[in-house]
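Reading through the structure tokens given below for one structure.
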Amino acid sequence: MDNLNDSKYKVFKDMKPTFFKSLQGISFYECPINGDEEGLIAVLPDKSLKVTELFDLPTSEEVKDMLDYNYFDLLPAWQGGW
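Below, the structure written as structure tokens:
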């Protein structure tokens with residue numbers, strides 16, 4: 000799985016998405032394909048990419064709560080249109 004995450008992450012970064020902020024080890028980007036028409040993309044420490052339901056940056060406290068409740072485990076993976 001790590002090789003797959005690394006490959007997707009490299010493709011994602013090569014698309015030059017707009018970076019917003021890192022909070023609690025999670026980096027948030029605008030979707031490089033759909034822009035603000037899609038929720039923020041969260042890059043987790045293992046380089047997995049998740050499509051969030053967030054259109055505004057969460058606070059550090061909100062991200063901590065999300066991590067405590069395994070929010071990111073419930074989200075679909077970003078597929079990049081392929």
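In terms of numbering that gives the first Met the number 0, the sequence shown opens at residue 0 and continues consecutively.
Backbone N, C-alpha and C fix where the C-beta goes; we use that ideal spot for every residue, glycine too.
Using only the alpha-carbon positions, how far apart do THR17 and ASN69 sit?
Near 25 Å, if we compare the C-alpha coordinates of ASN69 and THR17.
Measuring CB to CB, does ASP1 end up less than 8 Å from ASP45?
Against a cut-off of 8 Å, the Cβ pair of ASP45 and ASP1 comes out as a contact.
On the three-pair Cβ rule with 8 Å, is the segment 23-30 touching the segment 2-9?
The segment 23-30 vs the segment 2-9: no contact.
Between which two residues does the alpha helix (DSSP H) harbouring PHE54 extend?
Here PHE54 belongs to no alpha helix (DSSP H), and DSSP marks it neither H nor E.
Under a three-way DSSP split, which group does SER59 fall into?
Three-state result, SER59: helix.
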